[in-house]
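Worksheet for the structure shown next.
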Amino acid sequence: MHEDYRDVKIKELRDQLTRFAPKAKKLEQANLAEKLYGEIEADRSYAFDYLCFRITNYRPEKATRHSIAEADLKHDLRLLIEDLSDSADVEVNEAGEPVHTVDELSKMFRVSTKTISRWRDAGLVSRRMLFGGRKRVGFLHSSVERFVAANRDKIRRGERFSQLTEDEKSEMIERARQMVEAGSTLSEVTRQLANQMGRSPETIRYTLKNFDADHQTVAIFPSHRGVLTEDDKRAIFKLHTHGASVPQLCKRFNRTRTSIGRILLDMRLEQIGELPLDHIYNEDFDDVSREAEYLGPLPEPATAPRKVRVPAGLPSYLAALYDVALLTREQEYHLFRQMNYYKHKASRLRDSLETAEANKTAIMDEIDDLYEAAVLVKNKIVQSNLRLVVSIAKRHVASTDDFFGLVSDGNMSLIRAAEKFDYSRGNKFSTYASWAIMKNFARTIPSEYKHRDRFRTTTEELFVSRQDERMDPYAEETVQKTRQRELSKILNRLDEREQKIITARFGLGRGSEPLTLKQVGEEMGVTKERIRQLEARALSKLREAADEAKIDIELGA
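Under the UniProt record's numbering, the first residue of the sequence shown is numbered 1, with each subsequent residue one higher.
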């Protein structure tokens with residue numbers, strides 16, 4: 001049995017199935033796992049509950065939110081198939097179809113057994129079966145056919161480049177040494193020898209690398225390093241962002257310009273993929289003719305803003321917040337639309353990177369510029385509303401509270417609210433932000449009191465802690481419960497899937513916290529873009545129902 005599973009949930013499932021399932025069931029589950037393996041899509045995560053159902057035809061008794069990345073899932077599914085067949089003790093003649101050994105496949109495709117091992121890592125599904133009473137690795141003929149159909153180019157390369165003879169290796173090494181003495185680099189040697197000897201560049205590079213590893217005193221490339229680790233790649237990217245040139249990196253890591261360039265591109269693609277580009281989608285964004293309107297200057301207020309009196313007792317740096325003018329409804333709408341349009345455009349460009357053949361660097365530069373522009377707009381929105389946090393914190397602070405801690409928590413709630421506010425509904429942001437900030441205070445302040453009560457040291461502190469100078473500390477919670485009851489009345493307009501999405505996204509379940517699009521997508525086994533589309537459709541239905549029932553309720557995400 002394999003012990004190198006990457007995901008503990010799959011390993012636990014393996015232990016359960018191999019221990020309790022009958023022989024016929026194990027073979028059926030191995031076949032289902034292989035079918036699932038062929039359907040796994042690149043760069044996707046899959047919910048464990050969904051995977052368990054596909055393999056066993058039942059769902060776990062207790063639902064989980066655990067998800068597994070595509071690369072880890074493929075790795076573990078191959079191990080699971082092998083372990084299930086291993087525990088079933090299947091004779092070759094019981095397979096119902098031809099079964100090939102590693103040696104037989106090696107001869108069939110005229111490749112080395114090491115190539116067969118690499119093909120297993122690339123997706124050739126294997127099983128462990130009894131060959132004359134001895135357990136060995138075997139490959140069902142149907143599994144081989146599926147792999148060949150999906151990897152014809154790989155198979156053709158393997159058939160074209162048969163295993164090297166010792167004479168061919170010696171000739172290759174001697175030619176490589178002469179080229180190096182003439183000043184050629186590893187990449188130049190690899191390319192020229194591949195053309196001269198009719199071999200793939202991978203075969204040339206692999207042979208030279210093995211020779212150097214076995215004969216370090218007479219190595220052709222004594223400074224040649226092995227495969228770069230992920231830490232090496234991160235270090236290269238970090239050094240480059242701090243000003244290190246490509247030639248400097250080539251020298252330091254003993255790599256070619258092409259290799260360093262590829263690493264920098266891959267690392268930047270990874271960085272771009274992690275940018276938080278979730279946004280409030282609006283159908284108007286698809287009308288590119290209005291881009292100048294979306295990105296235009298901030299509208300001027302109809303009347304000059306009046307001076308606001310600064311509350312007494314505030315430190316100078318908090319009092320300075322009142323020097324920033326509040327936004328008018330038109331300015332607020334413009335900025336929120338602009339911020340979300342920047343993110344929308346950046347998100348579309350990021351999606352195009354998967355199919356872009358060239359100019360990826362230019363596309364990533366544009367994505368970075370759009371994201372930075374969105375951040376600047378968001379900062380302007382937040383700065384114009386920071387005084388709101390101070391006002392709410394002053395109403396909630398008690399004699400034993402840390403006022404500045406409340407302001408800090410409130411600022412974080414304000415930032416999250418700015419990212420989730422649906423400007424298209426025409427509501428004032430201050431209303432939505434106030435609700436978000438007070439909801440956070442209602443959740444955190446009681447827990448702070450509980451923590452303090454546990455560590456009281458004097459009678460005086462205990463007496464002071466019982467004082468509550470806040471204005472009706474349960475008012476906000478009562479309002480929130482009323483809103484949830486009103487929302488429940490109109491949720492029946494949605495189908496089951498839409499109800500589940502709305503409940504998860506808004507944290508409507510008992511004790512639940514709102515989930516992101518990505519988290520809901522992983523739980524339901526679909527992409528976050530599909531969840532966004534379904535959520536938008538569900539919210540549209542709810543708004544119509546709310547209008548008909550004359551219910552005033554906040555449905556912004």
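For each residue, glycine too, the CB sits at the ideal point set by N, CA and C.
These numbers were taken from a predicted model, which means no experiment stands behind them.
Residue state for residue 91 is assigned as strand, using DSSP reduced to three classes. Three or more beta-carbon pairs drawn from the stretch 84-101 and the stretch 125-139 are found closer than 8 Å, and the two stretches are therefore classed as touching. Linking residue 63 to residue 20 through their CA atoms gives a straight-line distance of about 21 Å. In the same chain as residue 523, and ignoring 5 residues on each side of it, the C-beta atoms closer than 6 Å to its own belong to 47, 65, in chain order. The C-alpha of residue 435 lies about 22 Å from the C-alpha of residue 538.
Only buried fits residue 418, as 16 or more other CB atoms lie within 10 angstroms of its CB. Below 8 Å, too few C-beta pairs join the stretch 32-47 and the stretch 1-16 to call them touching: fewer than three. Apart from sequence neighbours up to five positions away, the residues of its chain that approach residue 75 with a beta-carbon distance below 6 Å are 6, ordered along the chain. Ranked by Cα distance from residue 371, the options 384, 167, 343 are led by 343.
Rounded to the nearest whole angstrom, the C-alpha separation of residue 396 and residue 416 is 20 Å.
With 16 or more other Cβ atoms inside 10 Å of its own Cβ, residue 279 counts as buried.
The beta carbons of residue 386 and residue 411 sit about 7 Å from each other, so the pair counts as a contact at 8 Å. Here residue 60 is near residue 49, since their CB atoms are less than 8 Å apart.
With three or more CB-CB distances shorter than 8 Å, the stretch 267-283 counts as touching the stretch 335-352. Per DSSP, the continuous alpha helix (DSSP H) segment holding residue 259 begins and ends at 257-273. For residue 67, the enclosing beta strand (DSSP E) begins and ends at 67-69.
Look at the beta carbons and you see the stretch 188-197 touching the stretch 165-179: at least three pairs across the two are nearer than 8 Å. In the three-state reduction of the DSSP assignment, residue 46 falls in the strand class, which pools E and B. Contact between residue 83 and residue 1 holds: CB atoms are separated by about 5 Å, below the 8 Å threshold. Taking a cut-off of 8 Å for Cβ pairs, the stretch 318-336 and the stretch 375-383 touch, as three or more such pairs fall below it. Residue 135 is bridged by DSSP to 130.
Closest option to residue 8, judged by alpha-carbon separation, among 239, 25, 80: 80. Spatial neighbours of residue 527 in its own chain (CB-CB distance under 6 Å, excluding positions within 5 residues in sequence) are listed in chain order as 521. Proximity of the stretch 235-245 to the stretch 257-265 meets the contact definition, three or more beta-carbon pairs being nearer than 8 Å.
Sequence-distant partners of residue 310 (beyond 5 residues in either direction) whose C-beta falls short of 6 Å from its own C-beta, in its chain, are 319, 322.
Residue 404 sits exposed, since fewer than 16 C-beta atoms from the chains shown fall within 10 Å of its C-beta. In terms of CA proximity to residue 286, 347 leads the group 201, 347, 330. In this structure, DSSP gives residue 100 an extended state, which the three-state scheme calls strand.
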